[in-house]
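Numbering (my numbering), first residue to last: 66 to 187.
Worksheet: the structure to be examined is printed underneath.
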Amino acid sequence: MDTGADDRKRMGGTAEVRVADALAARGYRVVGRNVEVGRLGELDLVVRNARELVVVEVRSRRGGDADDPADSIGPGKRMRVRRTAAAWLEDRPIDYEEVRLFVGIVHWKGRDAEVTIVEDAF
């Protein structure tokens with residue numbers, strides 16, 4: 066059993082909860098977590114408020130520079146997130162005025178976490 070992979074998965078799930086909580090404090094509600102979109106991939110988090118639907122890519126790291134998680138989202142990943150979001154939106158009713166893409170960054174310092182939301186990140 067790969068405890069490192071289990072640890073990363075647990076940390077990622079906790080990071081998603083932290084980001085969802087931070088967005089809830091801003092008035093968003095969770096529409097979906099780990100939303101599978103066929104072979105295209107998965108959307109970490111989808112939230113919405115009265116007029117916006119927001120796809121959130123969640124990144125987290127332990128220690129190091131707080132910017133490291135954001136740096137891990139390169140052009141290829143951005144394109145995959147956009148494509149996956151577009152495919153997911155095709156199967157939804159248009160009950161929103163705007164679609165936005167955020168990055169939720171969780172920087173772990175021991176057991177404490179600093180959450181940063183980067184709006185319109187890509």
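Don't be surprised by glycine CBs; every beta carbon is placed ideally from N, CA and C.
Residue i versus residue j - alpha carbon distance
i: residue 104; j: residue 145; result: 11 Å
i: residue 143; j: residue 187; result: 7 Å
i: residue 172; j: residue 122; result: 14 Å
i: residue 160; j: residue 89; result: 19 Å
i: residue 152; j: residue 78; result: 23 Å
i: residue 156; j: residue 114; result: 19 Å
i: residue 154; j: residue 136; result: 26 Å
Beta-ladder partner(s) of residue i, from DSSP
i: residue 182; result: 169
i: residue 174; result: 177
i: residue 97; result: 111
Residue of the options minimising C-alpha distance to residue i
i: residue 138; options: 166, 79, 176; result: 166
i: residue 94; options: 86, 163, 126; result: 86
i: residue 73; options: 89, 119, 124; result: 124
i: residue 106; options: 114, 141, 128, 112; result: 141
i: residue 109; options: 155, 115, 100; result: 100
Sub-9 Å separation of residue i and residue j beta-carbons
i: residue 182; j: residue 98; result: no
i: residue 81; j: residue 169; result: yes
i: residue 112; j: residue 119; result: yes
i: residue 180; j: residue 84; result: yes
i: residue 33; j: residue 76; result: The chain is shown only over 66 to 187; residue 33 falls outside these bounds and no answer can be derived.
Exposed unless 16 or more other CB atoms sit within 10 angstroms - verdict on residue i
i: residue 150; result: buried
i: residue 184; result: exposed
i: residue 71; result: exposed
i: residue 163; result: exposed
i: residue 148; result: exposed
i: residue 178; result: buried
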